[in-house]
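Trainee: One structure follows; several queries about it will come next.
In my numbering, the protein residues as written are 70 to 388.
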């Protein structure tokens, strides 16, 4: 029995929707705080909005890619379930109602092609190729997961630099208030970019690692199906030949035993038939005497003349 977490992708998508709704509810609940933190800076310099916009852009781009991957892997899980159902009900048509572009269908067709072309099947190479292809699919989310928190650090550093510039201006002059405003704006930008990066990193990082779990679950299921169902069907090795020969010898031994048993049964039947024929011959040989005895009894009982003992008169006797 192949064991893997079924409908795992759909469960993760449901979690994503729930967490997204919770995030929207919290944002609506704290809308005044968010507005004052992100928009009410009172400064012409909008560097904080640019950095926060960059963080949100990376976050949404990676999230869209993760959703697309989860939807694709959900179809792969359904294909594996259908393949296993076909193998249990109709092993001769395992790809019935299975998408031809699914990973399990491609694995089956590759092994079938190698088997028909009498090419040795290297399962290690096939596994490495599958892992490499799936790793490439998650390249963008991996990059965003590594960079996302760094954008928050970058925004914090830039904002603190702005605050230091403002503090320097304050020290140089005590008349203008521009330096104080720049310090306040820099500290506010540092806080907003840090909060945005941390919140996006936690949300994105959780579902990124869930996506890697889905990949691991899917690849392990494909390899298990290959080892349990496809390898015995397509791969021919010395061990398989020896095993098949051993099974054939066992079947021949059982057949010989059955033939010996049948021979004994035939011998018994032959002896029984010979005995029956002997008894029949004895009864047949005794039958004429018994018939004569029966005739005699009938003549005596019915007072019939015995024609067999009647004297035949000739012409000389009549003269």
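Yeah, the Cβ is synthetic: ideal placement off N, Cα and C, and Gly gets one too.
Let's see if you can read the secondary structure: which residues bound the alpha helix (DSSP H) around residue 135?
Mentor: Here the alpha helix (DSSP H) through residue 135 covers 116-158.
Trainee: For residue 129 and residue 279, what's the separation of their Cα atoms in angstroms?
Mentor: Straight-line Cα distance between these residues: approximately 17 Å.
Trainee: Report the three-state DSSP secondary structure of residue 324 (helix, strand or coil).
Mentor: Reduced to three states, the DSSP call for residue 324 is helix.
Trainee: In three-state DSSP terms, what is residue 204?
Mentor: Reduced to three states, the DSSP call for residue 204 is helix.
Trainee: Where does residue 189 sit, in a helix, a strand or coil, going by DSSP?
Mentor: Residue 189: coil per DSSP, three-state reduction.
Trainee: So, with DSSP's three-state summary, where would you put residue 90?
Mentor: It is helical.
Trainee: Going by DSSP in three states, residue 167 sits in which element: helix, strand or coil?
Mentor: In the structure shown, residue 167 sits in coil (DSSP, three-state: anything other than H, G, I, E or B).
Trainee: Beta-carbon separation of residue 288 and residue 142 under 8 Å?
Mentor: No, the pair does not count as a contact, with Cβ atoms beyond the cut-off.
Trainee: Hey, residue 276 and residue 124 are a contact pair by Cβ (cut 8 Å); roughly how many whole angstroms apart?
Mentor: In fact, because the Cβ distance is near 16 Å, the residues do not count as touching under 8 Å.
Trainee: Just reading off the alpha helix (DSSP H) that residue 295 is part of, what are its end residues?
Mentor: Premise fails: residue 295 is in no alpha helix (DSSP H) and is neither H nor E.
Trainee: Helix or strand or just coil, what does DSSP make of residue 246?
Mentor: At residue 246, the pLDDT of 49 sits below 50, so the modelled position is not reliable; the number obtained from the coordinates is stated separately. Residue state, collapsed to three classes: coil.
Trainee: Could you round the C-beta distance between residue 185 and residue 76 to whole angstroms and report it? I think they count as a contact, below 8 Å.
Mentor: That belief does not hold up - the Cβ atoms of residue 185 and residue 76 are roughly 35 Å apart, past 8 Å.
Trainee: For a test of the three-state rule: what should DSSP assign to residue 99, helix, strand or coil?
Mentor: Of the three classes helix, strand and coil, the one that applies to residue 99 here is coil, per DSSP.
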